[in-house]
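Below: one structure, written as structure tokens.
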Amino acid sequence: MANIENERPRAADTDIMGNAMSMLVRIAQAIALPVAAVLVALICGGILLSLNGFNGWDVFSVMIVGVLQDTRSIAEILLKSIPLILIGVGLCVAFRCSIWNIGAEGQLYAGAVAATIVGVAFEGLTPWIYVPLVMVAGALAGAAWAGIAGLLKVYFRASEIVTTIMLNYIALIGTSYLVTGPLRDAASAYPQSARLLKEAWMPRILPPTRLHIGILVAVALAIAFYVFLFRSSAGYAVRVVGINANAARYAGINVGRNIMIAICISGGMAGLAGAFEVAGVTRRLYQNISPGYGFEGIAVALLANNNPIGAIFSGGLFAILRSGSELMQITAQVPQVLVSVIQGMVILSVVAFGVYRFRSASRSQ
Amino acid sequence: MKFSRRTCLAALAGLTMAGATGPALADDFKMGLLVPGSVAEEGWNRIAYDALLRVEKELGADISYVELHENPSAFENAFRNYASQGYDVVLGHGFQFQDAALTVAADFPDTTFLISSSHVFDGNVIGLNTDSSEPFYLMGVIAAMTGKSAGLVGGLEIPPIKQSFEGFINGARSVDPNFPISQVYVGSFTDSTAAKEAAVGMIARGANIVVPNANAAGLGVVQAAREAGPDVQTFSVYSDYTEAAPENTLGVYVADYGQGIVRIVSQIKDGSFEAAGNIVFGLKDTDVMMFSYNDHSARSVPDDVRRKVEEVKNGIIAGEIATRAD
Amino acid sequence: MEDVATLGFIATTIGATWRLATPLIFAAIGEVFSERAGVLNIGLEGVMLVGAFVGFATMFAYGSLPLGLASAVAAGAVVGLLFAFFTITIKADQIVVGAAINLLGMGLTAFLFRTYFVGTGRGVEIAQPLDIPGLSDLPFFGEAFFRHNAIVYSTLLVVVLAVVVLYKTSFGLTLRAVGEHPKAVDVVGRSVAAYRYGAVMIGTGLAGLGGAFLTLGHSNQFVENITSGRGFIALAVVVFARWSPVGAFFVAMLFGLFYALQLQLQAQPALNIPYQALQALPYVMTIVALVMVRNKGDTPKMLGVPYTKA
Numbered sequence: 002m003a004n005i006e007n008e009r010p011r012a013a014d015t016d017i018m019g020n021a022m023s024m025l026v027r028i029a030q031a032i033a034l035p036v037a038a039v040l041v042a043l044i045c046g047g048i049l050l051s052l053n054g055f056n057g058w059d060v061f062s063v064m065i066v067g068v069l070q071d072t073r074s075i076a077e078i079l080l081k082s083i084p085l086i087l088i089g090v091g092l093c094v095a096f097r098c099s100i101w102n103i104g105a106e107g108q109l110y111a112g113a114v115a116a117t118i119v120g121v122a123f124e125g126l127t128p129w130i131y132v133p134l135v136m137v138a139g140a141l142a143g144a145a146w147a148g149i150a151g152l153l154k155v156y157f158r159a160s161e162i163v164t165t166i167m168l169n170y171i172a173l174i175g176t177s178y179l180v181t182g183p184l185r186d187a188a189s190a191y192p193q194s195a196r197l198l199k200e201a202w203m204p205r206i207l208p209p210t211r212l213h214i215g216i217l218v219a220v221a222l223a224i225a226f227y228v229f230l231f232r233s234s235a236g237y238a239v240r241v242v243g244i245n246a247n248a249a250r251y252a253g254i255n256v257g258r259n260i261m262i263a264i265c266i267s268g269g270m271a272g273l274a275g276a277f278e279v280a281g282v283t284r285r286l287y288q289n290i291s292p293g294y295g296f297e298g299i300a301v302a303l304l305a306n307n308n309p310i311g312a313i314f315s316g317g318l319f320a321i322l323r324s325g326s327e328l329m330q331i332t333a334q335v336p337q338v339l340v341s342v343i344q345g346m347v348i349l350s351v352v353a354f355g356v357y358r359f360r361s362a363s364r365s366q
Numbered sequence: 141m142k143f144s145r146r147t148c149l150a151a152l153a154g155l156t157m158a159g160a161t162g163p164a165l166a167d168d169f170k171m172g173l174l175v176p177g178s179v180a181e182e183g184w185n186r187i188a189y190d191a192l193l194r195v196e197k198e199l200g201a202d203i204s205y206v207e208l209h210e211n212p213s214a215f216e217n218a219f220r221n222y223a224s225q226g227y228d229v230v231l232g233h234g235f236q237f238q239d240a241a242l243t244v245a246a247d248f249p250d251t252t253f254l255i256s257s258s259h260v261f262d263g264n265v266i267g268l269n270t271d272s273s274e275p276f277y278l279m280g281v282i283a284a285m286t287g288k289s290a291g292l293v294g295g296l297e298i299p300p301i302k303q304s305f306e307g308f309i310n311g312a313r314s315v316d317p318n319f320p321i322s323q324v325y326v327g328s329f330t331d332s333t334a335a336k337e338a339a340v341g342m343i344a345r346g347a348n349i350v351v352p353n354a355n356a357a358g359l360g361v362v363q364a365a366r367e368a369g370p371d372v373q374t375f376s377v378y379s380d381y382t383e384a385a386p387e388n389t390l391g392v393y394v395a396d397y398g399q400g401i402v403r404i405v406s407q408i409k410d411g412s413f414e415a416a417g418n419i420v421f422g423l424k425d426t427d428v429m430m431f432s433y434n435d436h437s438a439r440s441v442p443d444d445v446r447r448k449v450e451e452v453k454n455g456i457i458a459g460e461i462a463t464r465a466d
Numbered sequence: 005m006e007d008v009a010t011l012g013f014i015a016t017t018i019g020a021t022w023r024l025a026t027p028l029i030f031a032a033i034g035e036v037f038s039e040r041a042g043v044l045n046i047g048l049e050g051v052m053l054v055g056a057f058v059g060f061a062t063m064f065a066y067g068s069l070p071l072g073l074a075s076a077v078a079a080g081a082v083v084g085l086l087f088a089f090f091t092i093t094i095k096a097d098q099i100v101v102g103a104a105i106n107l108l109g110m111g112l113t114a115f116l117f118r119t120y121f122v123g124t125g126r127g128v129e130i131a132q133p134l135d136i137p138g139l140s141d142l143p144f145f146g147e148a149f150f151r152h153n154a155i156v157y158s159t160l161l162v163v164v165l166a167v168v169v170l171y172k173t174s175f176g177l178t179l180r181a182v183g184e185h186p187k188a189v190d191v192v193g194r195s196v197a198a199y200r201y202g203a204v205m206i207g208t209g210l211a212g213l214g215g216a217f218l219t220l221g222h223s224n225q226f227v228e229n230i231t232s233g234r235g236f237i238a239l240a241v242v243v244f245a246r247w248s249p250v251g252a253f254f255v256a257m258l259f260g261l262f263y264a265l266q267l268q269l270q271a272q273p274a275l276n277i278p279y280q281a282l283q284a285l286p287y288v289m290t291i292v293a294l295v296m297v298r299n300k301g302d303t304p305k306m307l308g309v310p311y312t313k314a
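Protein chains in written order, with our numbering: chain A, 2 to 366; chain B, 141 to 466; chain C, 5 to 314.
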């Protein structure tokens, strides 16, 4: 149970050379299979385009190569990957605990609202305090919003799948109320908040691009939560609860507390993503600030096999696909919705190639 | 799971030789469009797309558009994409594009940024406002003169929609201060089912004129009118979809945004464009904003009402009637 | 405000309730089959979109309503076959595959709609309300109960059929056993996988029908993302209804009621509540209701767990 990472069957030889070889094979598999899966998804996308009168080759030449052409487009991809990585990493923790948090979208909005409230409030604060303050506000709000679902699960055994979906809708509707009402920019007729104070903006790290410190924070947190999950006893407890809550209870682990930890981490990460979106990108709160990052984050985590380090890469891949689909529409007038098809195909191909076996293996009877 | 980088490298190695799509020649006149939703749907996004197609046809421009689905974080990048590719004009179709355009505009002085439904006027960023409160005012007059009560079904509570409803209400109240009007926002531009039920409810409570302003979801309202029979009427707004309910459509308000855009873009193209402020299209721009009647309606608007509407229309054009506050 | 309490208001609200509940009833009862057999399909939203689109496209091309509905059910079942192949044969995680189905359903329907239907502008002829002699014209009851189309009424049939199949047939007994004690089913020589395939495809077929109601029984047009989250609501309905088809019917109705009420109440000019508060009502009430009913532990034991023959 301790060694969840290595469940793939392997030769039981004790020979060191053999071990090294099997390790190499495993690493090769771990890389080759997802690459093959992504290629298959792209080929399917290309075929779909060709069948419908577009140039199928565009999937490769525009979608993948086109977006990597210069510093700015790469910076934009990294920028897009920030919320995906953060949400993906948070969900890795929740999913490892078998908490099906479908509510990252709502938690992102909660974080964005809190970051906005804080970000317009304190004039004259130094960025050294203000920037972290905005980040903490977003993360706390996201954690609190997810915490509602956690409490309902722990105390009322209410399914978090249902409650987090409901909380998504409530957060979106609440945001709509706030930007048309109390938080609306007094100087404008539009449903948007006032602009966040300059001192609250996320510092940019690669001017003149928009890339901000969020990418560093996201990567650092991914590593931190990898360590938490796989190298700390607290993370071990979270995983044990995820594998078998009853056994965990029998072993003296406080199941409710671990559920709360896992769901609040995932909510906090989504809330932080929301804070980065308003303080790093849009600088105002709008009715719609997320094109569904919260839902895409689910796929990011799952594609990474619920491994926070892997989520850095799967988040990056999804950001490339999203940027690429925008570019495809601009250059080849391919409907942008193609991105959903390709993302869906990526997941299915990964599954078909047997890369994603962890949960199945741990839970089959 | 280090596949994304590997994939990219493999794709780069294998495909750079195939070549990405080449950029268009630098001296072509180019126009780009950013829309916040799908150009496939009736209504707001479609009018911008139609405008773009007209610019292509009538001015021979190279065109391109991108749908950003209410995703403000992508706006700035999209503007920059177009501007850095040498686009001469970029139209952001909605007030929410304003901030992003202002941020980008300074870096691209040779590009003109047009923003729909906005009052901005700042260097090369120019707001274009289609004041829908004016035609909706006319619809309100017609509703109050020919109907018992009216219902308005909106998508989200955003300024273009709020203003149009304000115009409708002011128009109706100018005829009958007690004319009953109810409003519902369905909270979505895609949920035609909810929009239809909202209209069905209004009709059940006596409304015999229901008017949508909810893009694709608005078709649900038209469907509700159609099912309710000839007594219940609606208007086709922004684009002409009379065909969806020919007997239940009193009139058609078409915003030929294309005409307005073509006018301005052609001035930009030949260098004669000089803006003194943001641009507002209203009923005075008879080539842009058209209101017409549907004679196939089961309750076709009678001539005396049409005469009155014509008077009101002239009053609005002359600036004697304010269709909304501010 | 004054007419909130009138019979007319109540009749309209009840009528709207049933119509708004109809797609949820189909999808939720379908999901009851699936989950009773131990398969959690969160891809309902995508399946419903496929049903809505295929139903619409078929109707558009051939002009036959029965054919449109049948093809929507068939399309739903085909998506279900795909889902079942991945989750039952390959034994991939059900949530993962469900998420992929949602993305695919959303993307494919929008892509194809864009490519083939944009600018057609025309809708299709939808199912007409039935005129039931003597009943449709009744005051109050006519509006509330007897002026719907056949698809709405068929929700009653589906509930009855679902109860009979699940509880009165050996197929249903085995199907439920598959969700509780798959080993026992295996031991007596029946194929767990076959039953799960069947349950999933019944579920997605019904979800496809629920989607088709939106385009063929309510609006007459396909709109991208026309389901607007109804697939997710249906998932909530199933849990709330404790995996019972009759429960699913009533919970879906309750949801329809909240939805109808918010649309009706918003239209009351005298009611001075932010309309967003009304919009949030259905979702808040779901959470409140979940807390009130508590979880009695009747979740299918093997929900979400693939079965591997020993």
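Note that CB positions come from ideal geometry on N, CA and C, so glycine has one too. The structure displayed is predicted, hence computed values, not measured ones.
Check	Outcome
Counting along the chain, where does the alpha helix (DSSP H) carrying S194 (chain A) start and finish?	Unbroken run through S194 (chain A): none, as it is neither H nor E.
Should G143 (chain A) and G281 (chain A) be called a contact, given that it needs their Cβ atoms to be closer than 8 angstroms?	no
List the residues of chain A whose Cβ lies closer than 7 angstroms to the Cβ of P278 (chain C), in chain order.	Y178, G182
Quick one: give me the first and last residue of the alpha helix (DSSP H) that N169 (chain A) is part of.	161 to 181
When burial is assigned at 16 or more other CB atoms within 10 Å of the CB, is Y191 (chain A) buried or exposed?	buried
Output the distance between the C-alpha atoms of F305 (chain B) and D380 (chain B), rounded to the nearest integer angstrom.	19 angstroms
Return the chain-ordered list of same chain residues with a C-beta closer than 6 angstroms to the C-beta of V452 (chain B), the five sequence neighbours on each side being excluded.	V281
Grouping DSSP H, G and I as helix and E and B as strand, with all else coil, what is E8 (chain A)?	Annotation note: pLDDT 40 at E8 (chain A) (below 50); position unreliable, coordinate value reported separately. Note: E8 (chain A) maps to coil in three-state DSSP.
Does any CB atom of chain C fall closer than 8 angstroms to the CB of T426 (chain A)?	Summary: the structure shown does not reach residue 426 (chain A), with chain A confined to residues 2 through 366, and so no result is reported for it.
Can you list, in chain order, the residues of its chain whose CB lies under 6 angstroms from that of G72 (chain C), leaving out five sequence neighbours each side?	G59, T62, M63, L220
The region 221 to 237 of chain C: which residues have C-beta closer than 7 angstroms to a C-beta of chain B, in chain order?	H222, S223, N224, Q225, V227, E228, N229, I230, S232
Taking contact to mean at least 3 C-beta pairs separated by less than 8 angstroms, is the region 136 to 153 of chain C in contact with the region 384 to 396 of chain B?	no
May I have the straight-line CA-CA distance separating I155 (chain C) from A131 (chain C), to the nearest angstrom?	8 angstroms
Nearest by alpha-carbon distance to R366 (chain B): which of B:G358, B:A384, B:K424, B:I321 is it?	B:A384
Quick one: does L349 (chain A) have its CB under 8 angstroms from some CB of chain C?	yes
Residues of chain A with a CB under 8 angstroms from the CB of A114 (chain C): which are they?	P336, V338, S341
At 9 angstroms on the CB atoms, spell out the chain A contacts of I298 (chain B), in chain order.	T181, Y191, P192, Q288
Does the distance from the CB of V392 (chain B) to the CB of S440 (chain B) come in under 8 angstroms?	no
I want to verify the contact list: residues of chain B whose CB lies under 7 angstroms from the CB of E77 (chain A), in sequence order.	N217
G327 (chain B) touches chain C at which residues, Cβ-Cβ below 7 angstroms?	Q283
Taking V288 (chain C) as the reference, give the member of A:L173, A:R232, A:P336, A:G272 with the closest Cα.	A:L173
Mind checking who L25 (chain A) pairs with in its DSSP beta bridge?	According to DSSP, L25 (chain A) bridges with nothing at all.
Report the option in A:F61, A:M24, A:A195, A:S23 whose CA atom is closest to the CA atom of A333 (chain A).	A:F61
Between the region 312 to 321 of chain A and the region 67 to 83 of chain A, do three or more beta carbon pairs fall short of 8 angstroms?	yes
Determine whether the beta carbon atoms of T270 (chain B) and S257 (chain B) lie at a separation below 8 angstroms.	yes
Is A148 (chain C) close to chain B? Criterion is C-beta to C-beta, closer than 8 angstroms.	no
How is the beta strand (DSSP E) around D371 (chain B) delimited, first residue to last?	Unbroken run through D371 (chain B): none, as it is neither H nor E.
Between which residues of its own chain and A78 (chain C) is the CB-CB distance below 7 angstroms, once the five residues before and five after are set aside?	none
At least one CB of chain B closer than 8 angstroms to the CB of Q330 (chain A): is that the case?	yes
Is the Cβ-Cβ distance between G1 (chain C) and L210 (chain C) less than 8 angstroms?	The structure shown does not extend to residue 1 (chain C), since chain C spans only 5 to 314, so no value can be given for it.
Which residue from B:A290, B:F319, B:T286, B:F276 puts its Cα closest to that of P300 (chain B)?	B:F276
For V68 (chain A), collect the residues of the same chain with a Cβ closer than 7 angstroms to its Cβ; drop the 5 residues on either side in sequence, then sort them by chain order.	S74, I78, I321, S324, G325, L328
From A164 (chain B) to M171 (chain B), what does the alpha carbon distance come to, in whole angstroms?	Low per-residue confidence applies at A164 (chain B): pLDDT is 39, beneath 50, and the placement is therefore not dependable, though the value from the model is reported in the following sentence. Roughly 12 angstroms between the two C-alpha positions.
I'd like the list of long-range same chain contacts for V101 (chain C), defined as Cβ closer than 8 angstroms, with 5 residues on each side in sequence excluded.	G47, F87, F90, T91
Along the alpha helix (DSSP H) that carries M110 (chain C), what are the first and last residues, could you check?	98 to 121
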